[in-house]
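**Student:**
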Amino acid sequence: MYNHKSDSASLLWSRLVDNELKRVVTDPHLKLRVLSKHINPNQFPEHDPVVSEAHSSTEAAAFYKNVLSYVSEDASDALRRLPDFIDDLASGNVDMKSTSKAAHYRRLGNQLFKVGDMANAATAYRTGLLHAPAAYPYSTARASGLELSVEAALLHGNLSAVLAHKQLWSECLWEANIALELHLLRSATDKAHLQTMNRLWSRVKKCCTCLKLESLPNLAQISSPNLELVTLIRENFLSWSFPDRTNSNSECQFNVPVPQYGYNEMYPGLSAGLKVENSIKKGRHVVATKDFQPGDVIAAEPACGWYMPPNGVEPGYLPGALLLLPAQRMNRCTACLAPLQAVGFVCPDCLDAAYCAPPSECFKEHCSQFDASNRSSQWRFTQPRWHSAECRFMFLLNSTGLGHPSFRIAWLLRFAQKQPQTRSSVTVDSLVDHYKKFVPEDLFQYALTAWLLSCLMAKCATYDDRLTSENAKLVDGLRCFDILRRLQCNAHAVVEIQEECPLEGDLQGNDLSLTREQTPFPPRRLEQVRMATGLFPCISMFNHSCDPSIFNTFEGPYLIVRCIKPIKQADEVRNCYGPHYLHHPSADSRRQLLRQQYFFDCDCVQCAHPKCQCAKEVTDEARESWNKACDEVLSNCYLPTTFDELQQRIRTLEQRGTVRCDKCSDHWWPTEDSLGSLMDAIGRRYLSFANETSEPACRMNLNTLGLWCLQQSVSWTYRFFGLNSSEYLWEVVNLIRVTIFLFKKWPSYCGDVVDKLPPPDAEAIPSSPKALCARLNQVARIFYGEVKASELLTRFMPSSFIDTKL
1 MYNHKSDSAS
11 LLWSRLVDNE
21 LKRVVTDPHL
31 KLRVLSKHIN
41 PNQFPEHDPV
51 VSEAHSSTEA
61 AAFYKNVLSY
71 VSEDASDALR
81 RLPDFIDDLA
91 SGNVDMKSTS
101 KAAHYRRLGN
111 QLFKVGDMAN
121 AATAYRTGLL
131 HAPAAYPYST
141 ARASGLELSV
151 EAALLHGNLS
161 AVLAHKQLWS
171 ECLWEANIAL
181 ELHLLRSATD
191 KAHLQTMNRL
201 WSRVKKCCTC
211 LKLESLPNLA
221 QISSPNLELV
231 TLIRENFLSW
241 SFPDRTNSNS
251 ECQFNVPVPQ
261 YGYNEMYPGL
271 SAGLKVENSI
281 KKGRHVVATK
291 DFQPGDVIAA
301 EPACGWYMPP
311 NGVEPGYLPG
321 ALLLLPAQRM
331 NRCTACLAPL
341 QAVGFVCPDC
351 LDAAYCAPPS
361 ECFKEHCSQF
371 DASNRSSQWR
381 FTQPRWHSAE
391 CRFMFLLNST
401 GLGHPSFRIA
411 WLLRFAQKQP
421 QTRSSVTVDS
431 LVDHYKKFVP
441 EDLFQYALTA
451 WLLSCLMAKC
461 ATYDDRLTSE
471 NAKLVDGLRC
481 FDILRRLQCN
491 AHAVVEIQEE
501 CPLEGDLQGN
511 DLSLTREQTP
521 FPPRRLEQVR
531 MATGLFPCIS
541 MFNHSCDPSI
551 FNTFEGPYLI
561 VRCIKPIKQA
571 DEVRNCYGPH
581 YLHHPSADSR
591 RQLLRQQYFF
601 DCDCVQCAHP
611 KCQCAKEVTD
621 EARESWNKAC
631 DEVLSNCYLP
641 TTFDELQQRI
651 RTLEQRGTVR
661 CDKCSDHWWP
671 TEDSLGSLMD
681 AIGRRYLSFA
691 NETSEPACRM
701 NLNTLGLWCL
711 QQSVSWTYRF
721 FGLNSSEYLW
731 EVVNLIRVTI
741 FLFKKWPSYC
751 GDVVDKLPPP
761 DAEAIPSSPK
771 ALCARLNQVA
781 RIFYGEVKAS
791 ELLTRFMPSS
801 FIDTKL
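Residue numbering for the sequence shown follows the UniProt record's numbering, starting at 1 and increasing by one per position.
1. Around the C-beta of Thr553, are 16 or more other C-beta atoms found within 10 angstroms, so that it is buried, or is it exposed?
2. Would you grab the beta carbon distance between Phe796 and Ile740 for me? Rounded to a whole angstrom, and I think it's under 8 Å.
3. Three-state secondary structure (DSSP) at residue 817?
4. Using 8 Å as the threshold, is the region 536 to 552 in touch with the region 561 to 581, meaning 3 or more CB pairs across them?
5. Can you have a look at Ser540 and say buried or exposed, based on whether 16 or more other CB atoms are within 10 angstroms of its CB?
6. Assuming contact is defined by CB atoms lying nearer than 8 Å, are Trp668 and Leu675 in contact in what I supplied?
7. Could you round the C-beta distance between Pro640 and Leu646 to whole angstroms and report it? I think they count as a contact, below 8 Å.
8. Would you kindly work out how many angstroms separate the C-alpha atoms of Ala321 and Thr334, rounded to a whole number?
9. Return yes when the Cβ of Arg486 is within less than 8 Å of the Cβ of Leu443, no when it is not.
10. Can you give me the C-alpha to C-alpha distance between Glu251 and Glu654, rounded to a whole angstrom?
11. What's the call for Asp752, buried or exposed, on a 16-neighbour Cβ count within 10 Å?
12. Give the DSSP bridge partners of Gln498, in chain order.
13. Determine the direct distance from the alpha carbon of Ser677 to that of Thr671, and round the result to whole angstroms.
14. Excluding five sequence neighbours on each side, which residues of the same chain lie with their C-beta closer than 7 Å to the C-beta of Leu514?
15. Can you name, in chain order, every residue of its own chain whose Cβ lies under 6 Å from the Cβ of Met96, other than the five neighbours on each side?
16. Here's a check: name, in chain order, each residue in its chain whose Cβ is nearer than 6 Å to the Cβ of Leu474, leaving out the five neighbours to either side.
17. With the cut-off set at 8 Å, would you say Phe113 and Val162 are in Cβ contact?
18. In the structure shown, what three-state DSSP assignment does Leu12 receive?
19. Are the region 20 to 33 and the region 65 to 74 touching by the rule of at least three beta carbon pairs closer than 8 Å?
20. For the alpha helix (DSSP H) holding Gly785, just list the boundary residues, first then last.
21. For Val605, count the other beta carbons within 10 Å of its own beta carbon; 16 or more makes it buried, fewer makes it exposed. Which is it?
22. Where does Glu265 fall in DSSP's three states?
23. Can you list, in chain order, the residues of its chain whose CB lies under 6 Å from that of Leu705, leaving out five sequence neighbours each side?
24. Could you pull out every residue in the same chain whose Cβ sits closer than 7 Å to the Cβ of Asn311, ignoring the five residues on either side in sequence?
25. Per the DSSP calculation, Asn543 is bridged to which residue(s)?
26. Have a look at Tyr446, Asn701 and Gln383 and flag the residue whose alpha-carbon is nearest the alpha-carbon of Ala61.
27. Rounded to a whole number of angstroms, what is the C-alpha to C-alpha distance between Leu35 and Thr533?
28. Cα separation between Ser57 and Leu772?
29. Check Pro405 in the structure and name its three-state DSSP category.
30. If contact is defined by three or more beta carbon pairs under 8 Å, each pair taking one atom from either stretch, is the region 397 to 417 in contact with the region 476 to 483?
31. Quick test of the definition: if touching needs 3 or more C-beta pairs under 8 Å, does the region 488 to 497 touch the region 431 to 442?
32. Can you round the beta-carbon distance between Gly305 and Thr427 to whole angstroms, since I take them to be within the 8 Å contact cut?
33. Could you check if Thr196 is buried or exposed, using at least 16 other CB atoms within 10 Å of its CB as the buried criterion?
34. Rounded to the nearest angstrom, what separates Lys281 and Asp603 at their Cα positions?
35. Indicate whether Val346 and Ala357 have their beta-carbon atoms separated by less than 8 Å.
36. Could you give the distance in angstroms between the alpha-carbon of Lys788 and the alpha-carbon of Ala697?
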């Protein structure tokens, strides 16, 4: 989606590692010594404290030590200078904030706001806040003077305008009041500044009225605020948000369902209706001991697994074990991963941490020393300890790929081990690491990354007295070396439904060009977006199938697994590690992908008995013909004027994208595009063309053709993926969003709304809005459960459609 990190997630480390690998591979002596997996038994004696403390193996330890020798004796000057760069970062003297970048994202947000794209305008403003110096009046940052807060004040104010448009009054009040406070701290008196202050003050008063805040003076009689009044409003709002600081528990904010039949005692993330078996062929795998139906929860586990305290205390988890990807750190809270509207705080030292605003439980957890009964009490926002450990090194960590989650997990596990009152029944260390299956070249790159992570951890560590500092650093590196391999083979990608944002080119430095700024455009397409990465020890026990029986969803740091097909007693329960047979039709391609990352040959039904193994040979002439047909149907130079003309072009596309086969049904060869995704792209292109024309008849015709294409995309998705599929669910929601936007209500297809639009496929798209909503709810509950299904549909469906039909 919105990738603001394309410039800051540097290639520094990946380039260094590539250069070191080339250096080793091209030197026969180094290659023989460094890339050898043969064990030297004298390097690590039996029961070596380093190996046991890292929960590692002597083989992995020996390889890692060889790489350390290479670093100290044979590495390039560039790699050897890296510790000096780490010292510079650790000193805290490297300033990552940028007023110019903050201003860039504010201007981008303003353009998006003008065309009515509120979701992405808010994302741009939040991104600007990550870059802005002195973004909060209660920050302890080293600001270079309060004059630097002007961009932050403007960003807070503009974000409050978006939130007012959404009628999110508590979030709007927070942002508008922070903006006012920053403006007042500057004491500017120019006309533009005073106009901005007046708009913000009107917004604050409206929010206070809507929220019915008590213990405030009569704000309606105050024409302009002073700093004392604005601070009073902030403290009153906090008191209203947190009337009772007792029984504060960050886990309470998550709706974590209990698995069907309760939790498994041996594998606490799994249902008691499951068991883990072991065999030579399958390794550890999960088998059902009871029946499950679609929609049943069969597993619920936090990242890094449940921690089981003694004495019957409720189980807990390691906060922070799920790592947000850089492209999501302006959209989700760093601490609890909840979606952000307002921003309660951003890290004053890095560009990668934003937090929930009040009245969230998460903000309450980090709002230390706040006393709701004493407004004069001093309070501050305290960031999580794990962020304090990595904050100064974010620039490096963002360039290490799996290195960042490895660093986070290793740091958290070290901290957890210092607390003897907790124990973990199934740990990260119990997951397979496949050391023997990795090629030496990959092991070398992971070992170098582990060395880097150990250098970073040494700058933020309080080591155990049982180990010397050098051995402790060796333990950290060895543990990271093992975690990196476990992440490759066991990590889960956290995905969520979000609106797409086609502005990545702009975010890489280009200027956004919007020619018709005042013309609203149709809602952006919803799509599954990768949000975070984590390890889930119990849920990792599920083996893979290209046609899985379960589906993963997320609730904060928790992975929730639901059944999507009937599972009978004694059935093996299988997850999908990535390549699904409907998205990757070639069995050979799927097997190759799985073999490269997970080191096994898939034996699921779709791979063992594919419908057809016929190779799909496509000539250069066929590819050229296909590209020409795509260009014609997507170009504004060849716009169709009738349905017959459009349908003929679609038939031409379908013919050119198909290879005939005598053994089975014909093959669709353009693997990057399905016919359904093409219909969606064509439809949205026509809607975009309609938005650019000023001629009413032409606009109506293009809107009608575009909407028809979206209907065909839904019909194709229904036939290909089936009724009970997440693909069909979100394709229908996309269609509803665009239809209501264009015609303000659901078409009756009787001439009163859209006289040119043919009725859709009744099987795929029921004509009755009530029946359509009932179907969406039924499908959504299978995948997301009743609570989250309702929340998602309410968030993304037009309110007018939901209010009148559900």
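By construction, the Cβ of each residue, glycine as well, lies at the ideal position given by its N, Cα and C atoms.
**Tutor:** Considering the structure as presented:
1. Within the sequence shown, the letter at position 553 stands for residue 553. The residue in question, Thr553, is buried, as its Cβ has 16 or more Cβ neighbours within 10 Å.
2. The residue given as residue 796 occupies position 796 in the sequence shown. The residue given as residue 740 occupies position 740 in the sequence shown. That pair is no contact at about 12 Å.
3. With the chain running from 1 to 806 in the structure shown, residue 817 is simply not present.
4. yes
5. The residue given as residue 540 occupies position 540 in the sequence shown. Buried, because 16 or more other Cβ atoms sit within 10 Å of the Cβ of Ser540.
6. Residue 668 sits at position 668 when you count from the first residue of the sequence shown. Residue 675 sits at position 675 when you count from the first residue of the sequence shown. Yes, Cβ-Cβ distance for Trp668 and Leu675 is below 8 Å.
7. Your numbering for residue 640 matches position 640 in the sequence shown. Your numbering for residue 646 matches position 646 in the sequence shown. About 4 Å separates the two Cβ atoms, so the contact holds.
8. Taking the first residue of the sequence shown as position 1, residue 321 is located at position 321. Taking the first residue of the sequence shown as position 1, residue 334 is located at position 334. Near 11 Å, if we compare the C-alpha coordinates of Thr334 and Ala321.
9. On the sequence shown, residue 443 is found 443 positions in, with the first residue counted as 1. On the sequence shown, residue 486 is found 486 positions in, with the first residue counted as 1. Cβ atoms of Leu443 and Arg486: not closer than 8 Å.
10. Position 251 of the sequence shown, counting from 1, holds the residue named residue 251. Position 654 of the sequence shown, counting from 1, holds the residue named residue 654. At Glu251, the pLDDT of 47 sits below 50, so the modelled position is not reliable; the number obtained from the coordinates is stated separately. Cα to Cα, Glu251 sits roughly 51 Å from Glu654.
11. As a position in the sequence shown, residue 752 is number 752, starting the count at 1. With a pLDDT of only 44 at Asp752, under 50, the local geometry of the prediction cannot be trusted, and the value read off the model is given with reservation. Answer is exposed; the Cβ neighbour count stays below 16.
12. Along the sequence shown, one-based indexing puts residue 498 at 498. DSSP, once it has assigned bridges, lists Glu527 as partnering Gln498.
13. Working through the sequence shown from its first residue, we reach residue 671 at position 671. Working through the sequence shown from its first residue, we reach residue 677 at position 677. Distance between the alpha carbons of Thr671 and Ser677 is about 11 Å.
14. Translated into the one-based positions of the sequence shown, residue 514 becomes position 514. Low local confidence applies: a pLDDT of 42 at Leu514 is under 50, so the model's placement there is unreliable, and no value is given.
15. Within the sequence shown, numbered from 1, the residue matching residue 96 stands at position 96. Counting only Cβ-Cβ distances below 6 Å, and skipping sequence neighbours, we find Cys350 and Leu351.
16. Numbered from 1 along the sequence shown, position 474 holds the residue referred to as residue 474. By the criterion of a C-beta distance shorter than 6 Å, Leu474 is surrounded in its chain by Val50, once the five residues flanking it on both sides are discounted.
17. Looking up residue 113 in the sequence shown gives position 113. Looking up residue 162 in the sequence shown gives position 162. Yes, they are a contact pair.
18. If you number the sequence shown from 1, residue 12 lands on position 12. It is helical.
19. yes
20. For the purposes of this step, residue 785 is identified with residue 785 of the sequence shown, where counting begins at 1. From DSSP, the alpha helix (DSSP H) with Gly785 extends over Pro769 to Phe796.
21. Numbered from 1 along the sequence shown, position 605 holds the residue referred to as residue 605. Burial call: exposed.
22. Position 265 of the sequence shown, counted from the first residue, corresponds to residue 265. It is coil, neither helix nor strand.
23. Stepping through the sequence shown from its first residue, residue 705 is reached at position 705. The residues are Leu646 and Tyr686.
24. The residue given as residue 311 occupies position 311 in the sequence shown. Because Asn311 carries a pLDDT of 49, less than 50, the predicted location of this residue cannot be relied on, and the following value inherits that uncertainty. Within the same chain, Asn311 has no close Cβ partners at all.
25. Position 543 of the sequence shown holds residue 543. Partner(s): Arg574.
26. As a position in the sequence shown, residue 61 is number 61, starting the count at 1. The option with the nearest alpha carbon to Ala61 is Tyr446.
27. As a working note, residue 35 is residue 35 in the sequence shown. As a working note, residue 533 is residue 533 in the sequence shown. Going from the Cα of Leu35 to the Cα of Thr533 covers about 29 Å.
28. Counting from 1 along the sequence shown, the entry for residue 57 is found at position 57. Counting from 1 along the sequence shown, the entry for residue 772 is found at position 772. Roughly 56 Å between the two C-alpha positions.
29. Mapped onto the sequence shown, residue 405 falls at position 405. Residue state, collapsed to three classes: helix.
30. yes
31. yes
32. Start at 1 with the first residue of the sequence shown, and residue 305 comes out as number 305. Start at 1 with the first residue of the sequence shown, and residue 427 comes out as number 427. Yes, they are in contact, since the Cβ atoms of Gly305 and Thr427 sit about 7 Å apart, within 8 Å.
33. To locate residue 196, count along the sequence shown from 1; it is residue 196. In summary, Thr196 is buried, with 16 or more beta-carbon neighbours lying within 10 Å of its beta-carbon over all protein chains present.
34. Mapped onto the sequence shown, residue 281 falls at position 281. Mapped onto the sequence shown, residue 603 falls at position 603. For Lys281 and Asp603, the distance between alpha carbons rounds to 10 Å.
35. Residue mapping note: residue 346 aligns to position 346 of the sequence shown, counting from 1. Residue mapping note: residue 357 aligns to position 357 of the sequence shown, counting from 1. Taking 8 Å as the Cβ cut-off, Val346 and Ala357 do not qualify as a contacting pair.
36. To locate residue 788, count along the sequence shown from 1; it is residue 788. To locate residue 697, count along the sequence shown from 1; it is residue 697. Per the coordinates, the alpha-carbon of Lys788 lies some 41 Å from the alpha-carbon of Ala697.
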